[in-house]
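Line by line, the protein sequences give chains A, B, C and D.
Counting from 1371, one number per residue, gives the positions in the first sequence under this note's numbering.
Counting from 1371, one number per residue, gives the positions in the second sequence under this note's numbering.
Counting from 1371, one number per residue, gives the positions in the third sequence under this note's numbering.
Counting from 1371, one number per residue, gives the positions in the fourth sequence under this note's numbering.
From the three backbone atoms N, C-alpha and C, an ideal C-beta is built for every residue, glycine too.
It should be emphasised that the depicted structure is a prediction, and the values quoted were computed from it without experimental measurement.
Just below is one structure, and these are the notes that go with it.
There are 4 protein chains.
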Amino acid sequence: MIQVGIIGYGYWGPNLVRNFFIQKDCTIKAVADARQNRLDILKQSYPSINAVHDAEAIINDPEIDAVIIATPVYSHFELAQKALLNGKHVLLEKPMASSLAECEKLIELSLQKNLVLMVDHTFLYTGAVEKIKEIIDDNTLGKIQYLDSTRINLGLFQPDINVLWDLAPHDLSILRYLYDATPYSINATGVSHTHNGIENIAFMTINYESGFIAHLNCSWSSPVKVRMMMIGGDKKMIIYNDVEPTEKIKIYDTAYQITSDEDKKQILVDYRVGDIFVPKVSNKEALASVAYDFISGITQHTFPRSSYIIGMDIVKMLEASEQSIKNNGIEVKLN
Amino acid sequence: MIQVGIIGYGYWGPNLVRNFFIQKDCTIKAVADARQNRLDILKQSYPSINAVHDAEAIINDPEIDAVIIATPVYSHFELAQKALLNGKHVLLEKPMASSLAECEKLIELSLQKNLVLMVDHTFLYTGAVEKIKEIIDDNTLGKIQYLDSTRINLGLFQPDINVLWDLAPHDLSILRYLYDATPYSINATGVSHTHNGIENIAFMTINYESGFIAHLNCSWSSPVKVRMMMIGGDKKMIIYNDVEPTEKIKIYDTAYQITSDEDKKQILVDYRVGDIFVPKVSNKEALASVAYDFISGITQHTFPRSSYIIGMDIVKMLEASEQSIKNNGIEVKLN
Amino acid sequence: MIQVGIIGYGYWGPNLVRNFFIQKDCTIKAVADARQNRLDILKQSYPSINAVHDAEAIINDPEIDAVIIATPVYSHFELAQKALLNGKHVLLEKPMASSLAECEKLIELSLQKNLVLMVDHTFLYTGAVEKIKEIIDDNTLGKIQYLDSTRINLGLFQPDINVLWDLAPHDLSILRYLYDATPYSINATGVSHTHNGIENIAFMTINYESGFIAHLNCSWSSPVKVRMMMIGGDKKMIIYNDVEPTEKIKIYDTAYQITSDEDKKQILVDYRVGDIFVPKVSNKEALASVAYDFISGITQHTFPRSSYIIGMDIVKMLEASEQSIKNNGIEVKLN
Amino acid sequence: MIQVGIIGYGYWGPNLVRNFFIQKDCTIKAVADARQNRLDILKQSYPSINAVHDAEAIINDPEIDAVIIATPVYSHFELAQKALLNGKHVLLEKPMASSLAECEKLIELSLQKNLVLMVDHTFLYTGAVEKIKEIIDDNTLGKIQYLDSTRINLGLFQPDINVLWDLAPHDLSILRYLYDATPYSINATGVSHTHNGIENIAFMTINYESGFIAHLNCSWSSPVKVRMMMIGGDKKMIIYNDVEPTEKIKIYDTAYQITSDEDKKQILVDYRVGDIFVPKVSNKEALASVAYDFISGITQHTFPRSSYIIGMDIVKMLEASEQSIKNNGIEVKLN
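Structural data, given as structure tokens:
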């Protein structure tokens, strides 16, 4: 039985507790949060879990095998490093850490210590993303040409990270999972409407040598909540609308084929618009699968889907986007 | 009675003929198109209009007072220049010309000759844009902070201009009309999926010194047609969905207010989500108003809404976007 | 070459003219309408067609082979009877006539004279209805259990017929075409909000011995236009939304199966909710197919899809609905 | 402090427990359910509440002041009668009882004993219905002319009551609350696709002497969930779409005005289509307000909104609908 400790009982913490609570092969021994009112809420629902103020109480507890870190990003590295040094498996909330360098150090440490290091990119475990992955992997879409995602809503302005660090990890993890290639470069633009200079609206273009392109539109300043992703292949195209309750994924039998006349002076384009297919998507709770994947990683030595590699690649892209945005949109190469 | 000649009877030509035909104070004397089959279609519906093969027949006709040019962009400058030199008022299809330099020469010539020079940015005359203009001008939105537009569909791939030159003039004209300020710089990124290197997917960020930002997402490769524009102010926000038949504009009584604590270490954000108002929007045909504005410019010496200044500014932005896109998204300053 | 005359150039007349004008094997010789302004509009677009004030001029023209009657319902019988007596084929606008008795007389006459008698139930020729027919005929839905249709909008109040006589012919023709069985009885309820007692809101239940049921909801008093039809089978179900531009038909792989325990005290229901399929639907103009079907009926002796049998059955159902509504919703048997 | 007992811990029971648990001035002393597994679930979340198998343990507990009955309809009368006889206030789940006669007996008993008798028509306490009530009461809609409601989904087939008894209480309670008048008569039609003869699809027309009409469309056999209500006044109209997360209510500034020419031979209709207003609607949990209203009824002697009068009127209408449906849709007068 794996003993688990959770650090941070803010917005996401209760979801982690709820899902690890019902997980087989593991018990939540303790939850840490500096705020007494958060601990009170915890105790009301889960009297059996120890509520502690200090993360150290978890990190240093010899009975605890695995630590889940759901604190602000800036604290990820230090907490995870200590936990790994103390021989504990670690599940980090997204994004993995504040910099690529931090990610690399944690990965190295986990490999040295032979410990599971995983990042909670929950979206990779949703029924919708699993279905899209299946559709792409069986070549239904043909050669994939673009991914375009809009993730906008009103709030919540973060005090320490910009809107890309806050929202784009979702899109980037999906992108990285669905299209398994390293981007060549990144451009990003944006604007801050607050005095602290942290962007609340930002756009990101991710360029690949293959001609594939990805684009993200992220905002905390939209009157409506939009979670819309389009993925275009040369055979079919997908629209994934995550706010739609029952028709999240639509597969369009729509494509164009580009030919050229003999002397290549003209392009000729054949358009095809056909049927639409709306596959049924599982409504399972994704976070339960994250919990299962983490515990299996520990007990069965499986390699988690939402691995440190994906986690690190996302931080690499976020770092590049920040460099681009601070340099007026200049192209930042990734390697 | 103003005598009008129309050059080009392709996709847009029949709309121009239909709307100028019913315009008071003007008569369509001739339409020119090199393609006989297009002229046949014209004659079938409008036996009273002269159908000619050569644009010169219109440009050199001493009885014709005004020329409307609805040909591919690359030919705009030469045709318009000749027409102005021959003393004819000119209405150009969008975009005005292939370069800022061309626009400037045409404007200079029209001023010298005291002739009307106008560009057909039809959207400025739609009920929806007129309503939004009214809402912005009466300060309903407060200080405007962003405009974000998505204009995507399947096709039609253009052989000579990229997707921004093709689709963005609509958004840029609306942007320029609604937010009367000169942008500071432009970034653009994109990709071509054809061998001719012409971008079929592209994104454009338009930066302003005021902190206002605009962003365009244009594509010929989308399975669905989207024409969605969001405009955010610090008091209210608008969503303008042009494919919606009856609820094109929604005004959200939604905003956030950003304050800071005394020592400016934290930002505090107040969110407000309120009622939505969907104003009735006139269904009038916008192109009829374009025709009226052009003829009035000639007969009443009014200054057209869709003026050469707007036309030129749009070409300036398109030119900058092309320079950016060809230089990997680098920021291109506008002045 | 069949010579055609059209009586009535009101709302629907111009559509008839446009579609018969481009039909092979036929020429429109004349159009009759008592209103000079309607004839003026006709002459503007179609100078080659004779414009006459009096329907008799068409009915008595020996050169005219076929007459299309697009006048108010109350005049259908007299005009059609005269035309048939004069040896002319007849296409009647829907509904066929004011009563079952009138329909029967016209049918008898057409059979005696060996003339085509057809009713313009245009919907039967739309891409959407043709697709649904195909889906039903190949048993995709299984045993069909219900059809439920809502056809509501604002206006246009008719002065002489109630909302069922005005709107329900569309639904009834689709029902009759898709489900080829004679209903057992009809119930109808409704209300009039005008002093003339003509119902502007009405509901109709059509009962079948097989257990199949159809229900119509018709209104001239709705703030929005709804054209929504649901068809449920025991294997799959269809939603046909005619105001949707691109996704008119959705096929739900959804069903329930009812079993019972051994002593039939309980029912057990298995629900299945699966994928959704949105077939591409042809955008062809249905009225062109109506015209083709009518002319083919004359020249090729084919039996029209929108036959006098369907036309008569619909009048029979409308007559029954009126009898029910006037008798407080009492069940009216059809045979 | 009011001591409460809850009988029935099935589908709705947990919601009742959750909302009464957080209510001031009351404590849940015990919950009764014959099924041990339901009691286990209760104890897991609420160890402080007594879990009992027998309803009698609650009804006969002298310390319990008020009983909430959330059992199948057929058992309502007997349980409520016993509770009232034992001097307990009673909150009944909807519908109130199986017959008008049962309702009347319970009401008489509650009046004799001076006890609160209330029915849980939860919808009357939703933000949406409260907003509509406000809009109607301030005469925004003008004279109300119709209410048309569609409440359809897949399942859950009930073994003992038909789809009207199951789903229509929601619509009827809203109707009764918004339009405070007694209907004149009811017609209902429907069909059963099960061997037990219980209707799974049914339609109900509710006629009023004022010319107002209401119509309900209820089904357990729809592939999609629809909860759509239209309310038309002679000044404005409302659409209330309960499955819409953020825009539940739309107020259409749409109307028609009917005039007649002098000799009343013709009707003239003026149509007006204007703006749409989407008021913000509170997301509060309605059942918490039900709990508050019930407890206030006991402690403050207020008269509950969802009173026994509304509860009884709904059973009266359901009873009439059943009589109509069993007599082939015949009109059943209500008094």
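- Within the region 1436-1482 of chain D, the beta strand (DSSP E) runs of at least 3 residues that lie entirely inside it are, in chain order, 1436-1439 and 1459-1463.
- If you draw a straight line from the Cα of A/Gln1515 to the Cα of A/Tyr1578, it comes to about 10 Å.
- The alpha-carbon of C/Val1643 is positioned some 16 Å away from that of C/Gly1512.
- Taken in chain order, the whole alpha helix (DSSP H) runs of length 4 or more contained in the region 1533-1618 of chain D are 1533-1548.
- Rounded to whole angstroms, the separation of the alpha carbons of A/Glu1655 and B/Ile1568 is 44 Å.
- By the Cβ neighbour-count rule, D/Met1371 is exposed, with fewer than 16 other Cβ atoms within 10 Å of its own.
- Just so you know, the alpha carbons of C/Gly1378 and A/Thr1496 end up roughly 60 Å apart.
- Taking a 10 Å sphere around the C-beta of D/Val1489, we find 16 or more other C-beta atoms and assign the residue as buried.
- Judged by DSSP in its simplified three-state form, D/Tyr1416 adopts coil rather than helix or strand.
- If you ignore the 5 residues before and after C/Met1599, its C-beta comes within less than 6 Å of the C-beta of Ser1519 and Tyr1610, all in its own chain and listed in chain order.
- The count of Cβ pairs closer than 8 Å, one atom from the region 1616-1630 of chain A and one from the region 1532-1549 of chain A, stays below three, leaving the stretches out of contact.
- Contact between A/Phe1493 and A/Val1499 holds: their C-beta atoms lie close to 5 Å from each other, under 8 Å.
- Note that the C-beta distance between D/Ala1436 and D/Leu1461 is below 8 Å.
- Cβ neighbours of A/Phe1664 within its own chain (closer than 6 Å, five residues either side excluded): Leu1461 and Met1488.
- A check of alpha carbon separations from C/Glu1617 across A/Glu1701, A/Ile1646 and A/Met1574 identifies A/Ile1646 as the nearest.
- DSSP places A/Ser1691 inside the alpha helix (DSSP H), whose first and last residues are Tyr1678 to Lys1696.
- In this structure, the beta-carbon distance from D/Glu1474 to D/Met1687 does not fall below 8 Å.
- With respect to chain C, the C-beta atom of D/Leu1542 has no partner C-beta closer than 8 Å.
- By the CB criterion at 8 Å, C/Ile1419 and C/Lys1458 fall outside the cutoff.
- Residues of the same chain with a CB within less than 7 Å of the CB of D/Ala1450, apart from the 5 flanking positions on each side, are Ile1439, Val1460, Leu1462 and Leu1476 in chain order.
- C/Ile1376 is a Cβ neighbour of C/Ile1398, given a cutoff of 8 Å.
- In this structure, D/Val1561 and C/Ile1583 form a Cβ contact; the two beta carbons are roughly 4 Å apart against a cut-off of 8 Å.
- At the C-beta level, B/Ser1589 and B/Ile1601 stay beyond 8 Å of one another.
- For C/Pro1615, no CB of chain A lies under 8 Å from its own CB, so it is not counted at the interface with that chain.
- When DSSP states are grouped into helix, strand and coil, D/Gln1670 belongs to the coil group.
- Contacts with chain A at 8 Å (Cβ-Cβ) do not include C/Gly1602.
- In this structure, A/Ser1580 sits away from A/Glu1701, with a CB-CB distance that is not shorter than 8 Å.
- Contacts between A/Met1607 and chain B, judged by CB atoms closer than 7 Å, involve Pro1593 in chain order.
- Shown here, B/Ala1404 sits in coil according to DSSP, grouped into three states, outside any helix or strand.
- Here C/Leu1470 really is in contact with C/Val1685; their C-beta atoms are around 6 Å apart, less than 8 Å.
- With contacts defined by Cβ atoms closer than 8 Å, A/Val1401 and A/Ala1421 form a contacting pair.
- Taking all protein chains shown into account, B/Leu1586 has 16 or more neighbouring C-beta atoms within 10 Å of its C-beta and is therefore buried.
- Only residues of its own chain outside the window of five on either side were considered, and among them Ile1556, Val1702 and Leu1704 have a CB closer than 7 Å to the CB of B/Ala1690, listed in chain order.
- Its Cα nearest to that of D/Pro1384, the residue D/Ala1658 stands out among D/Phe1673, D/Thr1564, D/Ala1658 and D/Ile1531.
- Assigned with DSSP and collapsed to three states, A/Ser1652 falls in coil, not helix or strand.
- Residues of chain D whose Cβ lies closer than 8 Å to the Cβ of B/Gly1644 are, in chain order, Lys1650.
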